[in-house]
Structure formats: C-alpha cells, structure tokens
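Residue numbers (full-length UniProt numbering): 1 to 161.
1. Note down the Cα distance separating residue 103 from residue 34, rounded to an integer number of angstroms.
2. Determine whether the beta carbon atoms of residue 128 and residue 65 lie at a separation below 8 Å.
3. What separation, rounded to the nearest whole angstrom, lies between the Cα atoms of residue 111 and residue 140?
4. Roughly how far, in whole angstroms, is the beta-carbon of residue 97 from the beta-carbon of residue 135, given that I think they are within contact range, below 8 Å?
5. Using DSSP's beta-bridge definition, name the partner residues of residue 77.
6. With residue 71 and residue 94 assumed to form a contact (beta carbons below 8 Å), what rounded beta-carbon distance in angstroms separates them?
7. Can you grab the Cα-Cα spacing for the pair residue 145 / residue 88, in whole Å?
8. For residue 179, write down the residues that DSSP places opposite it in a beta bridge.
9. Could you tell me which residues DSSP pairs with residue 87 in its beta bridges?
10. Can you give me the Cβ contacts of residue 56 inside the same chain, cut-off strictly under 6 Å, excluding the 5 residues immediately before and after it?
11. On the DSSP letters alone, give me the boundaries of the alpha helix (DSSP H) that residue 52 sits inside.
12. Spatial neighbours of residue 126 within its chain, please: C-beta separation below 8 Å, excluding the five flanking residues on both sides.
13. Taking residue 27 as the reference, give the member of 36, 48, 81, 17 with the closest Cα.
14. With residue 62 and residue 106 assumed to form a contact (beta carbons below 8 Å), what rounded beta-carbon distance in angstroms separates them?
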C-alpha cells in the first residue's frame with residue numbers, strides 16, 4: 001500500500017476524483033467555520049462551488065497534484081506561485097487515506113516542485129482549530145509568519161526550501 005504522487009489530469013480521469021475531494025474539503029471547512037463562529041450556515045460560497053464544478057478552469061496556471069494508493073486517488077493539493085514562494089492550497093486527504101503518509105508525501109512533492117521552480121519557500125494558511133494539520137506542518141518545519149490573510153483565525157505558515 002504505497003502512496004505515490006503525480007500531477008492531476010483535470011481534463012481527464014482526475015476531474016471526477018479531484019472534484020469530489022474538493023467538495024468534501026469545502027463541506028468540512030464550511031461546517032467547521034460554522035461550528036467555530038467564523039461563518040453562518042448556508043450554501044457553499046460561489047467561489048468554492050465553482051472550484052467543484054470546473055476544477056480545470058479554477059486552477060488554470062496552478063499545479064494540482066494527487067496522492068494515489070492502490071490506484072485510488074486519496075489526496076490532493078493545489079500549488080500556486082506566490083512571489084518567491086510556492087503556496088499550498090486545498091491540501092486534503094480523504095478519511096480513508098488518512099494515516100497513510102499521503103499528507104507527508106504531498107508536502108514532500110510540493111517541496112520538490114518548489115525547489116525545481118526556483119522558489120525560496122513553501123507557504124500556506126490553516127484555520128487555528130485544525131490542530132492535526134498544524135502538528136503536521138510543524139513536523140514538516142513550518143513556522144508561523146506575519147499574516148497575509150484578512151480572515152481572522154487563519155494562521156500563516158512558511159518553511160524555507
């Protein structure tokens with residue numbers, strides 16, 4: 001049960017699995033926002049619904065990577081260039097894929113891609129209540145930096161490459 005990382009084919013076979021992972025990611029995130037008083041209950045905001053409907057258009061210009069285990073997509077991440085850094089967005093591992101090493105493998109691949117692109121660091125933001133994710137990022141060498149986010153409770157992290 002080895003986890004492998006590869007670029008996503010958002011116009012082909014990966015469109016459905018990536019869309020499904022984004023839908024789950026956004027549903028969980030929006031539910032957590034409501035539970036933590038950051039958002040009111042309601043439908044998925046349009047900017048996130050658009051990602052689920054048309055992943056290829058939403059992430060044009062970004063690198064989307066997929067974690068596979070036994071031929072099944074169990075995780076994903078979106079990588080954007082942000083100045084000298086690569087920003088990791090939408091890092092998600094399915095519940096069935098958790099504790100498999102997929103999150104660490106996605107992070108390692110993001111690091112390799114960032115170095116190959118000449119980036120000086122990786123950066124990301126995470127909600128302060130996501131303690132498991134914060135622990136993963138700390139193990140990966142990320143440290144808190146001044147926020148580039150306008151939304152309260154998002155912790156901004158960076159790791160040099």
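Every residue gets a Cβ at the ideal spot worked out from N, C-alpha and C, and that includes glycine.
Here's the rundown:
1. 25 Å
2. no
3. 10 Å
4. In fact, because the Cβ distance is near 17 Å, the residues do not count as touching under 8 Å.
5. 65
6. The pair is not a contact, with the Cβ atoms about 14 Å apart (cut-off 8 Å).
7. 15 Å
8. In this structure the chain extends from 1 to 161, so residue 179 is not present and cannot be described.
9. 80, 123
10. 10, 11
11. 46–53
12. 133, 134, 137, 154, 155, 157
13. 48
14. Not quite, the Cβ-Cβ distance comes to about 14 Å (not below 8 Å), so this is no contact.
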